[in-house]
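Taken in order, the sequence shown gives residues 6 to 260; the numbers are from this note's numbering. Every residue gets a Cβ at the ideal spot worked out from N, C-alpha and C, and that includes glycine. What you are looking at is a predicted structure, and each value in this text was computed from that prediction instead of being measured. The structure appears right after this line, and notes come after that.
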Amino acid sequence: MIEGIDRHSAAPMYDQLRQLIIDHIAQEGLQPGDPLPGEHRLCEQYGVSRTVVRQALGQLEHEGLIERVKGKGTFVAHPRTPESLVHTLVGLYDEVERRGGHVRSDVLRHERITADAEVAAALELGEGDPVIVLERLRHVDGDTWSLSTTWMPDAIGIHSLDADLRDSSLYRLLADHGVIATHGVRSAEATVATHEQAQLLGVSTGAALLRLRSVSRDESGRPIEYFVAYHRGDRSRFEFQLNAENSRGALIRIA
């Protein structure tokens, strides 16, 4: 960080400091996890108040460029993948691939089971009817990202049973068999990690997670999948495209 704060500039000092930190990361070729100067050092180096420093760091943290770990310091953040998964029928694999990344999955469970009350209601089946369950721990560019469980009616999920889904898209596999999602309902809500989820996702028990629930249907209105996915809050964010035309009634219900 060679340049200083221009006190005659119309730009706020915290915004100037924010840009200086970004420039420093780029010029030094810092990588995710590399340490950055702390608040006290930044105050001394640039002759600014702690309030200015905290505003700059807070903005950078909000933008996902840095991570502040209590008791340890400030670090270059691991990149977050912007996901459109809340409001589109795209899957994680296709969303990340579209942005030049790669998804790998650990398949934890993939078998035929009987539907419980929740799954049966979501898929409009009878309780006890056969369904295919697929549980996967998803990794994006080597980082643990999400834990998802997908249930499919037996007639649909059977196409997946012999497939290797460690490095491929379930949606593409189903499309190859003429099963295409055209509409559905998807929700996102905040939750915290259980002990088991925390161990799989590499976070602390009680850490913040985003939980997605989704039912997808084909053109005839038939449910083709129901899934619940838990995403690490520090590895992903969700983007919403808004316009005036669909602003009314877009949010149907919060349950």
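Q) Does the Cβ-Cβ distance between Leu113 and Ala120 come in under 9 Å? A) Not a contact, by the Cβ cut-off of 9 Å.
Q.
Quick check on the burial criterion: 16 or more other C-beta atoms within 10 angstroms. Buried or exposed for Gly76?
A. Burial call: exposed.
Q: Tell me whether Leu35 sits in a helix, a strand or coil according to DSSP, three-state version.
A: The DSSP-derived three-state label of Leu35 is coil.
Q) Ser174 and Tyr235: beta carbons closer than 9 Å? A) At least 9 Å separates the beta-carbon of Ser174 from that of Tyr235.
Q) Does DSSP put Ala234 in a helix, a strand or coil? A) Strand, per DSSP.
Q: Give, in chain order, every unbroken run of the beta strand (DSSP E) that is at least 3 residues long and sits entirely within the stretch 168-235.
A: Within the stretch 168-235, the complete beta strand (DSSP E) runs of at least 3 residues are 188-197 and 213-222.
**Q.** Host alpha helix (DSSP H) of Arg46 (start-end)
**A.** Start and end: Glu44 to Tyr51.
Q: Put His144 into one of helix, strand or coil per three-state DSSP.
A: Look at His144 here: in three-state DSSP terms it is strand.
**Q.** Cβ neighbours of Leu94 in the same chain (closer than 7 Å, five flanking residues each side left out)
**A.** For Leu94, the pLDDT reaches just 48, beneath the cut-off of 50, and the residue's location in the model is therefore unreliable, although a value from the coordinates is still provided. Here the set comprises Ala186, Gly189 and Ser221.
(Q) Based on DSSP bridge pairs, tell me the residues matched to Arg109. (A) For Arg109, which the question treats as bridged, DSSP gives the partners His144.
Q) How about Asp159 and Arg227: do their beta carbons lie closer than 9 Å? A) No, they are not a contact pair.
Q: From the DSSP output, in three-state form, read off Arg23 for me.
A: Arg23 falls in the helix class under three-state DSSP.
Q) Does DSSP put Arg55 in a helix, in a strand, or in coil? A) Note: Arg55 maps to helix in three-state DSSP.
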